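Take a look at the structure below.
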Amino acid sequence: MSVAISLAELASVYPTAGGQYNFASILTPKKIRRGVSYACGLLSIFSWVAIGAAVTIIPAQQIMALVSASNPTFETKQWHIFLLYEGVAAFILVNNLFLLEKAPWTHNIGCMCADITQLPHEPETNSYLVALTLSMFLFALITLLARASPKASSKFFWATLINYTGWPDGLCLIIGLPTSCFMYIGLDASMGCFVCSLSCMMLILGGEGTRAAASTQ
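Right, dumping it as structure tokens:
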């Protein structure tokens with residue numbers, strides 16, 4: 001959350017589409033400005049490549065989870081998930097190359113800002129898409145809370161550690177940290193969406209709160 005607050009503050013003072021590599025250039029001494037900015041931009045590129053791979057595998061895993069839930073005798077193999085992963089990646093590629101120009105409203109699904117009518121491409125449709133996204137989140141949240149049975153106790157949830165790996169608990173904790181940090185992916189994407197510094201600041205902090213709530217579930 002401290003990272004989100006820092007980025008929101010910088011975005012409010014220096015509203016720029018470049019985001020963190022621009023901030024690095026502005027705030028570092030002149031002698032090392034170019035090197036620091038270049039390194040920051042290069043790391044951002046690598047991070048977005050990793051984010052793309054991580055996000056693409058989620059629907060593949062979800063599809064296989066639905067198959068396993070509907071057919072308990074089905075045994076999921078790693079190559080099943082890999083093939084679905086490649087299929088999802090191919091679908092996204094085809095969509096971006098050929099379909100996005102004909103249906104640009106799909107690019108704004110889930111997009112939120114202070115004034116939804118300022119979004120391009122059919123603002124009324126965008127309003128419905130935002131409402132649909134939020135409704136799906138609430139539906140999933142309420143369903144999970146209502147249908148989960150039996151529910152674990154608060155003590156079990158917060159104080160019980162189950163380690164089946166055979167590795168030390170401390171090492172498992174460190175390895176598990178990236179999973180909890182997954183909700184921070186794409187945090188810098190908000191900085192390239194808006195020129196208005198206040199809107200950008202609200203979007204970063206609001207998006208972080210939504211991701212935290214969703215990741216908690």
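First residue of the sequence shown: 1, per this note's numbering; consecutive thereafter.
For glycine and all other residues, C-beta sits at the position ideal for the given N, C-alpha and C.
Since this is a predicted model, take the numbers as computed values, not measurements.
Query                                                                                                                                                   : Result
Please tell me whether residue 60 and residue 32 are closer than 8 Å, where the distance is taken between their beta carbons.                           : no
Counting only the same chain and skipping the five closest in sequence on each side, list residues whose C-beta sits under 7 Å from that of residue 69. : none
Could you tell me whether the region 12-26 touches the region 162-171, using the rule of 3 or more Cβ pairs below 8 Å?                                  : no
Taking the alpha-carbon positions, what's the residue 56 to residue 85 distance?                                                                        : 6 Å
Return the chain-ordered ranges of every alpha helix (DSSP H) run that is complete within the region 53-104 and spans a minimum of 4 residues.          : 78-94
What's the call for residue 20, buried or exposed, on a 16-neighbour Cβ count within 10 Å?                                                              : buried
Can you tell me whether DSSP reads residue 158 as helix, strand or coil?                                                                                : helix
Identify whether residue 164 lies in helix, strand or coil by the three-state DSSP scheme.                                                              : coil
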